[in-house]
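Peer 1: Residue numbers (my numbering): 2 to 251. Each residue gets a CB set at the ideal place from its N, CA and C atoms; glycine is no exception. Take this structure first; my questions come after.
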Amino acid sequence: MNICPNKLETQNICKYFAQELIIENINIYLKENELVSLLGVSGIGKSTLFNVIAGVLVPESGRVLLNGQDVTGQAGRISYMQQKDLLQPHLTVLDNVALPLFIRGLRKNEARSQALRYFKDFGLDGTERKYPSQLSGGMRQRAALLRTYLFSHDVALFDEPFSALDTITKGKMHRWYLNLMERINMSALFITHDIDEAILLSDRIYIMTGPPGIITQEIIINEPRPRDDHFLISDAFLEYKRQIIKILSI
């Protein structure tokens, strides 16, 4: 029988800084079309783990598998969107979004044409010739998300992509993102310290505690997606939240 490997997997990842153990024996996985959150307080090692997965850092032990292949320490194999959108101020929105295609060697016209195909789905119609300074925070995040998607349609890492947004804009972005995930084929691993965000968006949640950062528990969110505002005040949502708060309080 032919069993498909996980899209992404870490096996026994350990990472030190200056002889201090930061993360210990991290084993997580991501399946096709899943959205999985890594939830924990600030400074626990979540971003360190993401840097290892992205190939920016090399672990002292353990390995990272992408579609069953060892990519440990190989930067550029997995899309990685950090907290700041990192849009280039001197480039139009279209050229910002098309950057991964330019880097891949496509001619400018071809890269722009490919990027434009996704502008409607990502809610960016009419922004092609604008500059990042002319966009709202939410629109900048949409542009950054599309750029991440074009870097690799396969797997993406998101390090608190909505944390800089105000509460109302953040709620709108959550609803937009959940609807978008129904239309595009991308597996995503999210870092967040927002319990509500993790429950709303995720298929599964890994809870990291420490130090050193370890995976304490995996929570499966057995609710259909996309989830609306009514879910946020449901008994099921509150029960997930109580469970997570209890784990984080231990």
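Leaving out five residues on either side along the sequence, give the residues of the same chain with a beta carbon under 8 Å from the beta carbon of K242.
Peer 2: I196, D197, I200.
Peer 1: Report buried or exposed for F18, applying the criterion of at least 16 other Cβ atoms within 10 angstroms of its Cβ.
Peer 2: It is exposed - the Cβ of F18 has fewer than 16 other Cβ atoms within 10 Å.
Peer 1: What are the uninterrupted segments assigned as alpha helix (DSSP H) that are 4 or more residues long and contained completely in the stretch 8-45, given in chain order?
Peer 2: As far as the stretch 8-45 is concerned, it has no whole alpha helix (DSSP H) run of at least 4 residues.
Peer 1: At the level of alpha carbons, what is the spacing between Q89 and E240?
Peer 2: About 42 Å.
Peer 1: Tell me, please, which residues DSSP counts as bridged to F191.
Peer 2: Answer by DSSP bridge pairing, in chain order: S38, F159.
Peer 1: Compute the Euclidean distance between the alpha carbons of T93 and P133, then round it to the nearest angstrom.
Peer 2: Straight-line Cα distance between these residues: approximately 7 Å.
Peer 1: Looking only at its own chain, which residues have a Cβ that is under 8 Å from the Cβ of N3, when we skip the five neighbours before and after it?
Peer 2: Here the model assigns N3 a pLDDT of 41, short of 50, so the residue's position is not dependable and the matter cannot be decided.
Peer 1: Can you name the residues that DSSP bridges to S62?
Peer 2: Answer is C15, bridged to S62.
Peer 1: With the cut-off set at 8 Å, would you say P101 and F163 are in Cβ contact?
Peer 2: No. Outside cutoff.
Peer 1: Whose C-alpha, out of S188, P225, P227, F232, is nearest the C-alpha of Y81?
Peer 2: With distances taken between Cα atoms, Y81 lies closest to S188.
Peer 1: Note down the Cα distance separating I24 from E35, rounded to an integer number of angstroms.
Peer 2: Roughly 24 Å separates the two Cα atoms.
Peer 1: Go through its chain and collect everything with a Cβ distance to R148's Cβ below 7 Å, but skip five positions before and after it.
Peer 2: Contacts found: N97, V98, L100, P101.
Peer 1: Decide if L87 is buried, meaning its Cβ has at least 16 other Cβ atoms within 10 Å, or exposed.
Peer 2: It is exposed - the Cβ of L87 has fewer than 16 other Cβ atoms within 10 Å.
Peer 1: Quick one: using the 10 Å Cβ neighbour count with 16 as the cut-off for buried, is Q70 buried or exposed?
Peer 2: That one is exposed.
Peer 1: Using the C-alpha atoms, what's the distance from L125 back to K131?
Peer 2: Taking the straight line joining both Cα atoms gives about 11 Å.
Peer 1: What are the partner residues of L67, as DSSP defines its beta bridges?
Peer 2: Paired residue(s): L9, Q70.
Peer 1: CA-CA distance, Y178 and T217?
Peer 2: For Y178 and T217, the distance between alpha carbons rounds to 27 Å.
Peer 1: Our contact map puts S38 next to I206 with C-beta atoms below 8 Å; I'd like the distance itself, whole angstroms only.
Peer 2: Correct: roughly 5 Å between the Cβ atoms.
Peer 1: So, with DSSP's three-state summary, where would you put M82?
Peer 2: The answer is strand: DSSP assigns M82 an E or B state.
Peer 1: Identify, in the order they occur along the chain, each residue of the same chain with its Cβ nearer than 8 Å to the Cβ of H175, setting aside the five sequence neighbours on each side.
Peer 2: Contacts found: F163, E198, L201, L202.
Peer 1: Does E219 come out as helix, strand or coil in the three-state DSSP assignment?
Peer 2: Note: E219 maps to strand in three-state DSSP.
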